[in-house]
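J.: Residue numbers (the numbering used here), protein chains in the order written: chain A, 1 to 115; chain C, 1 to 116. The C-beta atom is built at its ideal place from N, Cα and C for all residues, glycine as well. For clarity, every value in this text was computed on a predicted model and none was experimentally measured. This structure is in structure tokens; I'll ask about it shortly.
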Amino acid sequence: NAGVMQNPRHLVRRRGQEARLRCSPMKGHSHVYWYRQLPEEGLKFMVYLQKENIIDESGMPKERFSAEFPKEGPSILRIQQVVRGDSAAYFCASSPYGQSADTQYFGPGTRLTVL
Amino acid sequence: AQTVTQSQPEMSVQEAETVTLSCTYDTSENNYYLFWYKQPPSRQMILVIRQEAYKQQNATENRFSVNFQKAAKSFSLKISDSQLGDTAMYFCAFMKARGSNYKLTFGKGTLLTVNP
Numbered sequence: 001n002a003g004v005m006q007n008p009r010h011l012v013r014r015r016g017q018e019a020r021l022r023c024s025p026m027k028g029h030s031h032v033y034w035y036r037q038l039p040e041e042g043l044k045f046m047v048y049l050q051k052e053n054i055i056d057e058s059g060m061p062k063e064r065f066s067a068e069f070p071k072e073g074p075s076i077l078r079i080q081q082v083v084r085g086d087s088a089a090y091f092c093a094s095s096p097y098g099q100s101a102d103t104q105y106f107g108p109g110t111r112l113t114v115l
Numbered sequence: 001a002q003t004v005t006q007s008q009p010e011m012s013v014q015e016a017e018t019v020t021l022s023c024t025y026d027t028s029e030n031n032y033y034l035f036w037y038k039q040p041p042s043r044q045m046i047l048v049i050r051q052e053a054y055k056q057q058n059a060t061e062n063r064f065s066v067n068f069q070k071a072a073k074s075f076s077l078k079i080s081d082s083q084l085g086d087t088a089m090y091f092c093a094f095m096k097a098r099g100s101n102y103k104l105t106f107g108k109g110t111l112l113t114v115n116p
């Protein structure tokens with residue numbers, strides 16, 4: 001029973017390039033959450049998605065960031081025109097029902113470095 | 001808005017001894033969930049223990065237990081018989097229990113080192 005999968009584990013981009021981070025939830029989970037961890041900080045909520053729907057993107061920066069969770073395939077967090085301040089670890093979590101009674105299970109994270 | 005405070009940036013303990021990590025939180029909610037997550041050097045976030053605020057009994061998972069003081073808004077983690085593999089960052093987290101509230105709010109973490 002595979003856990004939450006994220007790839008790539010490490011991603012290096014130059015300023016101005018695009019970064020695409022992928023997350024496959026646990027089997028049977030249809031709710032995905034993205035969090036960002038800046039150096040020396042705890043994780044901060046970015047966005048919550050169900051299949052084909054963005055439920056809450058209140059934690060997403062207004063520009064350059066977008067997320068999707070298509071009917072088929074992984075959830076994608078996309079960062080356009082990356083800047084050095086985007087360097088962080090990005091974690092995806094999933095849960096079965098999207099309720100607060102759920103436990104969110106985390107993937108191993110993608111460490112993005114912007115040169 | 002909820003806040004979670006971990007006042008101990010770093011702690012250390014000798015192998016086989018007991019250590020307690022502190023966490024306080026601020027909320028106006030009456031029902032909520034509290035969590036401790038562990039982040040070892042691999043950076044994977046691993047759930048250690050979970051507490052429902054409406055339950056008075058403190059949660060326990062093997063060597064890990066919590067001291068939940070709702071009135072004081074305190075949620076400390078006790079690790080008994082510490083092992084080298086317990087070395088990690090430990091994050092305390094809060095989640096509302098209303099409807100489909102799903103955002104975890106994390107503290108800044110406590111780096112625990114278990115020494116041989």
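If A/Y90 and A/L115 are in contact, beta carbons under 8 Å, what's the gap, nearest whole angstrom?
T.: 17 Å between Cβ atoms; not a contact.
J.: Expressed to the nearest angstrom, what Euclidean distance is found between the alpha-carbon atoms of A/Q80 and A/M5?
T.: Cα to Cα, the separation comes out at about 22 Å.
J.: Beta carbon of A/A2, beta carbon of A/L11: below 9 Å?
T.: Contact: no.
J.: Does A/G16 get closer than 9 Å to chain C when you measure Cβ to Cβ?
T.: It does not: the Cβ of A/G16 has no partner Cβ on chain C nearer than 9 Å.
J.: Taking the runs of the beta strand (DSSP E) that are 3 residues or longer, which of them lie wholly in the segment 15–58 of chain A?
T.: Complete beta strand (DSSP E) runs here, min 3: 19–24, 31–37, 43–50 and 53–56.
J.: Taking Cβ-Cβ distances shorter than 8 Å, what residues in chain A pair up with C/L34?
T.: The contacting residues do not exist; C/L34 stays about 12 Å from chain A at best.
J.: Are the C-beta atoms of C/I79 and some chain A residue less than 9 Å apart?
T.: Closer than 9 Å: no.
J.: With a 10 Å radius around its C-beta and 16 neighbouring C-beta atoms as the bar for buried, classify C/V66 as buried or exposed.
T.: It is buried - the Cβ of C/V66 has at least 16 other Cβ atoms within 10 Å.
J.: Determine which residues of the segment 21–41 of chain A have a Cβ less than 7 Å from any Cβ of chain C, and write them out in chain order.
T.: Taking 7 Å as the Cβ-Cβ cut-off against chain C, the residues of the segment 21–41 of chain A that qualify are Y33 and E41.
J.: Can you tell me which of A/F45, A/F65 and A/G16 puts its alpha carbon nearest to the alpha carbon of A/I76?
T.: The shortest Cα separation from A/I76 among A/F45, A/F65 and A/G16 belongs to A/F65.
J.: List, in chain order, every chain A residue whose beta-carbon is nearer than 7 Å to that of C/G109.
T.: Under the 7 Å cutoff, chain A gives G42.
J.: Would you kindly work out how many angstroms separate the C-alpha atoms of C/R50 and A/S87, rounded to a whole number?
T.: C/R50 and A/S87: Cα-Cα distance of roughly 30 Å.
J.: Can you name, in chain order, every residue of its own chain whose Cβ lies under 7 Å from the Cβ of A/Q108, other than the five neighbours on each side?
T.: Inspection of the sequence shows that residue 108 of chain A is occupied by Pro rather than by Gln. Cβ within range, chain order: Q6 and R9.
J.: Should C/Q14 be flagged as near chain A, meaning a C-beta pair shorter than 9 Å?
T.: No - not a single Cβ of chain A is within 9 Å of the one on C/Q14.
J.: Hey, C/Q2 and C/C92: beta-carbon distance below 9 Å or not?
T.: Result no, Cβ atoms of C/Q2 and C/C92 do not sit closer than 9 Å.
J.: Nearest by alpha-carbon distance to C/T110: which of C/M95, C/L104 and C/M89 is it?
T.: Taking only the C-alpha atoms, the option nearest C/T110 is C/M89.
J.: Any C-beta of chain A sitting closer than 9 Å to the C-beta of C/S7?
T.: Taking Cβ atoms only, chain A never reaches closer than 9 Å to C/S7, which makes this a no.
J.: DSSP on A/D86, reduced to helix/strand/coil?
T.: Looking at A/D86 - three-state DSSP - the assignment turns out to be helix.
J.: In the DSSP assignment, find the unbroken beta strand (DSSP E) run with A/E68 in it and report its ends.
T.: F65 to E68 is the span of the beta strand (DSSP E), which, as asked, contains A/E68.
J.: What does A/F45 reach in chain C if we use C-beta pairs closer than 8 Å?
T.: Within 8 Å Cβ-Cβ: K103, L104 and T105.
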